[in-house]
Amino acid sequence: MRKQPIGIFDSGVGGLCVVKEIKKLLPFESIHYLADSGNCPYGSKRTDEALSLAIKNIEFLLGLNCKLIVVACNTVTAVAIDSFRSQYNVPFVGMEPALKPAVLQTKSKKIGILATENTFNGRLFKQTFEKYANGIDVFVQSGYGLVELVEQGEQNSERAQRLLEEYLLPMMEKGVDTIVLGCTHYPFLKQMIKKITKNSVIIIDPSDAVAAQTKRILTAFDLVSDDTNNSMFHFYTTGDKTIAETLLSHSMDSPYKIEQIEI
Ligand code: DGL
Numbered sequence: 000m001r002k003q004p005i006g007i008f009d010s011g012v013g014g015l016c017v018v019k020e021i022k023k024l025l026p027f028e029s030i031h032y033l034a035d036s037g038n039c040p041y042g043s044k045r046t047d048e049a050l051s052l053a054i055k056n057i058e059f060l061l062g063l064n065c066k067l068i069v070v071a072c073n074t075v076t077a078v079a080i081d082s083f084r085s086q087y088n089v090p091f092v093g094m095e096p097a098l099k100p101a102v103l104q105t106k107s108k109k110i111g112i113l114a115t116e117n118t119f120n121g122r123l124f125k126q127t128f129e130k131y132a133n134g135i136d137v138f139v140q141s142g143y144g145l146v147e148l149v150e151q152g153e154q155n156s157e158r159a160q161r162l163l164e165e166y167l168l169p170m171m172e173k174g175v176d177t178i179v180l181g182c183t184h185y186p187f188l189k190q191m192i193k194k195i196t197k198n199s200v201i202i203i204d205p206s207d208a209v210a211a212q213t214k215r216i217l218t219a220f221d222l223v224s225d226d227t228n229n230s231m232f233h234f235y236t237t238g239d240k241t242i243a244e245t246l247l248s249h250s251m252d253s254p255y256k257i258e259q260i261e262i
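Throughout the sequence shown, residue numbering follows numbering that gives the first Met the number 0, covering 0 to 262 in sequence.
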């Protein structure tokens with residue numbers, strides 16, 4: 000069972016930032032990644048619609064014999080991670096709204112969070128907020144349009160700059176010194192965020208924490224692969240392959256396969 004692959008999915012290419020961290024911590028794991036780019040974005044869909052797409056993603060990955068599923072999507076985690084855990088027989092790792100590390104690092108006691116509408120509406124965000132945000136001013140902002148720009152490879156475009164200025168400058172004026180990236184597509188915008196904030200804020204990206212949690216869970220279930228020779232990365236997309244080809248050619252130093260599929 001240790002040799003079985005890990006399954007990871009997102010509404011699109013965003014979850015690749017989680018893949019990168021998982022590959023650092025767990026180099027011998029084989030990974031099947033499903034980007035549902037054909038149905039992206041999930042963040043402003045009706046929650047029942049996002050949920051039924053997520054279930055199709057999970058069943059596709061389970062059909063490939065995955066031993067654990069990483070929900071590399073804040074929106075899907077917010078909408079349904081608990082129900083997946085009770086419905087399926089494999090362990091699930093989800094995205095946590097990274098408020099805790101932000102609270103630990105802010106000096107101004109003012110934090111900004113960028114995420115999708117469905118993430119902010121979910122119970123998980125409310126619970127995390129109540130648990131950690133005591134005495135902290137939290138400025139929430141839905142990142143309308145940002146996921147689509149990343150999906151189109153437009154993360155460094157003028158439009159990305161304009162949207163991010165619109166979302167971030169008001170927070171900056173309020174004295175925010177820490178910004179949480181509450182959507183896995185947003186780390187692709189980090190350079191632009193740094194430029195707009197003039198490198199004056201701490202940017203919290205929870206991808207490494209999610210990778211660490213994946214390792215903890217695999218270890219607890221005695222599922223860590225020790226197969227030093229055969230790890231592979233297989234990227235499936237329900238959308239266009241071009242963006243994946245560009246992103247993977249820049250970020251992968253080991254062999255990979257890209258395949259277009261329907262779910
Ligand atoms: N990467 C997804 C997330 O983390 C994007 C959601 C969407 O498709 O709007 O929430």
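We treat Cβ as the ideally placed atom computed from N, Cα and C, and that holds for glycine. Being a predicted model, the structure only gives us computed values, none of them experimental.
Do residue i and residue j have their C-beta atoms within less than 8 angstroms of each other?
i	j	result
V78	Q212	no
P100	N73	no
S36	G238	yes
I21	C65	no
I202	K189	yes
L61	V89	yes
A336	V12	Any question about residue 336 goes unanswered here, given that the chain covers just 0 to 262.
A243	F232	no
I178	V137	no
L217	L33	no
L246	Y255	no
V102	I135	yes
When you compare each of the options to residue i by their alpha carbons, which one comes out closest?
i	options	result
L222	D9, G11, S29	S29
G146	T177, K173, P186	The question names Gly, but residue 146 is Val in the sequence shown. Of the listed residues, the one whose Cα sits closest to V146 is P186.
P205	L113, S199, L33	L113
I14	L123, P40, E261	The residue asked about is misnamed: residue 14 is Gly in this sequence, not Ile. With distances taken between Cα atoms, G14 lies closest to P40.
A263	I80, S43, G62	The first residue shown for the chain is 0 and the last is 262, placing residue 263 beyond what the model contains.
N133	L123, T118, K108	K108
N120	Y87, S85, N229, V75	V75
I195	D207, G174, R215, Y166	Y166
I260	H31, K125, L163	H31
E116	P26, Q140, N198, V70	Q140
S265	K19, E153, G142	Residue 265 is absent from the model: the chain starts at 0 and stops at 262.
L98	R122, V70, T127	T127
F59	S82, L25, F8, S199	F8
Name the DSSP bridge partner or partners of residue i?
i	result
F187	Answer is none; F187 lacks a bridge partner.
I262	Answer by DSSP bridge pairing: none, since I262 is not bridged.
L180	L113
F91	I68
F8	L33, V70
K55	Looking at the DSSP assignment, K55 forms no beta bridge with any residue, so it has no partner.
Y166	According to DSSP, which records beta bridges pairwise, Y166 is partnered with nothing at all.
Y255	F232
I201	T177
Item checked: alpha helix (DSSP H) runs wholly inside the segment 219-245, at least 4 long, in chain order -> List check, alpha helix (DSSP H) in window: nothing returned.
Next item on the list: Please list the segments of the alpha helix (DSSP H) lying wholly inside the segment 131-158, counting only runs of 4 or more residues, in order along the chain.
Entry: Taking only runs of at least 4 residues, the alpha helix (DSSP H) segments lying wholly in the segment 131-158 are 145-150.
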